[in-house]
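Take the position in the sequence shown, starting the count at 1, then add 8; the result is the number in this note's numbering.
To start, the structure under review is shown below, and the notes come after it.
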Amino acid sequence: MMDLRELYQDIILDHSRHPRNARAIAQPSHFAHGHNPLCGDRVTIYLALEGDRIADVSFEGRGCAISTASASLMTEILKGKSIAEAETLFRSFHAKVTGGEAPAAPESLEDDLDRLEPLTGVKAFPVRVKCATLPWHALEAALKSGALGATVKTE
Ligand code: ZN
9 MMDLRELYQD
19 IILDHSRHPR
29 NARAIAQPSH
39 FAHGHNPLCG
49 DRVTIYLALE
59 GDRIADVSFE
69 GRGCAISTAS
79 ASLMTEILKG
89 KSIAEAETLF
99 RSFHAKVTGG
109 EAPAAPESLE
119 DDLDRLEPLT
129 GVKAFPVRVK
139 CATLPWHALE
149 AALKSGALGA
159 TVKTE
C-alpha cells in the first residue's frame, strides 16, 4: 500500500521543483504581492478576468517549497473558475489548514479541494500554515484591488 504521507510529500516536491503557471501576465486585470516575513516567502499573483471568470492566473515568487507548491496548485485549480468559486475554495482551504469550520462546498468543487489535500499537512505546523495560505491571501488582495495592485502581509 502506498503511504499517503509519502504521496503528498511527492506532490509538494514536484510542484515546488516544477511549478505550474510560474510566469507573469503582461497586462493583468488584477494582481497583488504577498509577503510572509516569518519565512521570507514572496509571491505575486496575476489574474486575467473575463467577466467574472478567471481566464488566466499565474504567479511569480521566491519562497519555500510549501509556498511555491501552494501557488502552483492554486493556479492550476483556479483557471476557468468563477470568482465565487475561487472564494469558496479559499474559505474551504483556509479552514482545512487552520482547523476551522469548513463551509459546505458544492459537489462541483470536491475534486479541486481533494487536489489541495497534500498541503493540509501543514495544519500541525502553525508557522507553515502562513506559507500555504500566502498565495491565497494574495489572490484575495488581487481580486479586491484590480489592476492597481496591492501588497498583503501575513501576520
Ligand atoms: Zn514559507
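Ideal placement from N, C-alpha and C gives every residue a C-beta, glycine not left out.
The structure displayed is predicted, hence computed values, not measured ones.
Same chain, Cβ closer than 8 Å to residue i, neighbours up to 5 away in sequence not counted
i	result
residue 130	74, 105, 136, 137, 139 and 140
For residue i: DSSP bridge partner residues
i	result
residue 175	Within the shown structure, residues of the chain are numbered from 9 to 163, placing residue 175 beyond reach of any answer.
residue 152	Its beta-bridge partners do not exist; DSSP assigns none.
residue 161	43
Neighbourhood of residue i by C-beta, 6 Å cutoff - its chain only, sequence neighbours within 5 removed
i	result
residue 98	144
residue 78	127, 140 and 143
residue 68	32 and 52
residue 80	23, 27 and 28
Proximity of residue i and residue j at Cβ, strictly below 8 Å
i	j	result
residue 117	residue 101	no
residue 38	residue 150	yes
residue 161	residue 45	yes
residue 49	residue 91	no
residue 55	residue 36	yes
Residue burial classification, residue i (beta-carbon count within 10 angstroms, cutoff 16)
i	result
residue 27	buried
residue 34	exposed
residue 89	buried
Let me know the beta strand (DSSP E) ranges lying completely inside the segment 80-130, each 3 residues or longer, listed in chain order.
none
> Which runs of the beta strand (DSSP E) spanning at least 3 residues fall entirely within the segment 35-83, listed in chain order?
Replying inline: For the segment 35-83, whole beta strand (DSSP E) runs of length 3 or above, ordered along the chain, are 38-44, 49-58 and 61-70.
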